[in-house]
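Structure representation (structure tokens):
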């Protein structure tokens with residue numbers, strides 16, 4: 001524990017959420033900068049940190065967040081911002097570096113990716129440039145560069161896991177023969193958290209890697225061994241470009257092509273930590289030593305199986321278009337909103353109905369017509385969407401901001417309301433909302449699917465899918481109530 005004030009950006013992300021939890025556990029003074037404070041309201045550390053709501057592109061918001069800060073963690077990225085993501089990342093890093101210098105921040109800590117001088121990936125090139133930009137204003141900057149991060153819920157792990165589990169025999173791109181240097185998420189968090197304990201500010205580029213260096217093909221077979229699967233037959237072929245590879249990964253795994261593309265791009269060159277840039281020059285290894293690939297995979301599988309995944313890659317990822325994300329026309333503005341409303345009453349308690357509502361999706365399914373949901377997810381993946389394979393972090397409980405199959409939890413009021421935002425590729429904005437109220441001695445469930453169309457295509461889309469709604473949504477509401485009524489009465 002020290003008296004330094006630490007700022008964590010990207011606290012709603014995979015690494016950031018875990019880092020905050022670790023820093024809070026060590027009794028550090030932590031502040032987080034988030035665009036939407038509602039996304040962390042269910043985090044276990046929410047009441048133990050100073051929350052600043054603001055935009056990372058707004059220098060005035062950054063000044064508020066960085067005031068009095070000793071160490072600032074930069075864990076932001078813009079991979080989903082389209083073809084100009086590198087320009088967006090550069091702009092965001094420039095504003096952050098300027099604000100940090102103005103506020104007298106003593107140390108910036110940035111997590112990037114291992115890259116060599118011949119790296120051709122746009123993703124890695126952008127990551128390297130961000131590190132240069134953060135250090136350009138004079139604030140001492142530690143740039144940690146990691147390879148594949150293995151942990152329950154990480155995009156890299158989900159890609160590895162589903163490729164290996166679903167394809168006992170596979171033809172693969174030639175990059176599976178490239179060497180990689182994976183690292184357990186626990187070890188990443190160790191290095192990040194310890195950087196706040198350094199006696200003096202440090203500047204430099206430091207690679208972080210685990211115990212093992214192996215090819216991606218060897219890593220898939222390591223996963224198969226740990227998971228109790230047969231050895232995979234891997235046949236590399238030279239014809240799959242990174243672009244085609246990402247589409248293939250998007251179809252086979254829960255990771256959509258938009259996220260798979262930078263992951264695959266980072267594998268087209270060898271990604272191995274440089275001993276001359278070892279983080280151990282300034283930070284000692286974890287007390288119990290670094291994790292092997294076997295140990296990291298085994299721990300990640302255990303956390304996933306026991307529903308103990310704390311953060312996931314998809315919790316910080318939104319595939320909503322700019323129109324969908326920013327559409328704020330009030331109801332009186334005249335926009336057409338289509339809806340399908342089902343209202344049922346039951347003798348089950350509100351608590352039982354809420355339990356049934358909150359377990360929807362993932363391994364539990366959608367209370368009937370699951371074939372229709374899976375078909376819709378498959379069609380979404382064909383056009384580059386997230387599909388239905390993201391599942392859910394925990395099979396029984398939800399948090400605001402996390403992903404749920406091809407939805408995102410937009411609102412949650414314990415025991416009363418759950419509101420989901422669709423992240424499928426859609427010509428409009430779709431929500432699914434459940435509201436629980438009392439009517440005397442009975443409980444009332446209101447289930448509403450709403451759709452705000454965009455253009456003529458949006459209107460046509462609604463009327464094409466209406467026939468499917470007539471048997472999907474009534475059955476879902478009835479089966480949800482039936483499950484609630486089957487629960488033991490308190």
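Residue numbers (the UniProt record's numbering): 1 to 490. For each residue, glycine too, the CB sits at the ideal point set by N, CA and C.
- Scanning its chain for C-beta atoms nearer than 6 Å, with the 5 sequence neighbours on each side dropped, one finds around residue 444 the residues 345, 437, in chain order.
- At a Cβ-Cβ threshold of 8 Å, residue 69 and residue 7 count as neighbours.
- With contacts defined as CB atoms closer than 8 Å, residue 215 and residue 166 fail to qualify as a contacting pair.
- Shortest Cα-Cα distance from residue 71 to any of 32, 84, 365 involves 32.
- Counting along the chain, residue 191 sits inside no beta strand (DSSP E); it lies in the alpha helix (DSSP H) bounded by residues 185 to 194.
- Buried is the label assigned to residue 209, since at least 16 other Cβ atoms lie within 10 Å of its Cβ.
- Under the DSSP assignment, residue 448 falls outside any alpha helix (DSSP H), being part of the beta strand (DSSP E) whose first and last residues are 442 to 453.
- DSSP places residue 303 in the helix class (H, G or I) of the three-state scheme.
- Secondary structure note for residue 88: it is in no beta strand (DSSP E), and the uninterrupted alpha helix (DSSP H) holding it is 85 to 102.
- Partner residues in a beta bridge of residue 45, as assigned by DSSP, do not exist.
- Shortest Cα-Cα distance from residue 435 to any of 426, 446, 133 involves 446.
- Contact annotation, residue 449 with residue 339: C-beta distance approximately 7 Å; criterion of less than 8 Å satisfied.
- Residue 373 sits in a helix when the DSSP states are folded into three classes.
- Counting C-beta pairs with one atom in each stretch, the region 148 to 157 and the region 180 to 187 have three or more that are closer than 8 Å, which means they touch.
- Within the region 121 to 203, complete alpha helix (DSSP H) segments of at least 4 residues are found at 122 to 135, 155 to 166, 185 to 194, given in chain order.
- By the Cβ criterion, the region 390 to 409 is in contact with the region 419 to 435, since at least three pairs of Cβ atoms, one from each stretch, lie closer than 8 Å.
- Within the model, the alpha-carbon separation for residue 223 versus residue 58 is close to 43 Å.
- DSSP places residue 417 in the uninterrupted beta strand (DSSP E) bounded by 417 to 422.
- Looking at the DSSP output, residue 36 bridges to nothing.
- Per DSSP, residue 59 is one residue of the alpha helix (DSSP H) stretching across 59 to 66.
- For the pair residue 12 and residue 457, the CB atoms are not nearer than the 8 Å cut-off.
- Between the beta-carbon of residue 427 and that of residue 483 there is about 33 Å, and that puts the pair past the 8 Å contact cut.
- Under the 10 Å beta carbon count, residue 348 is surrounded by 16 or more other beta carbons and is classified as buried.
- Here residue 343 is exposed: its Cβ has fewer than 16 other Cβ atoms, across all protein chains shown, within 10 Å.
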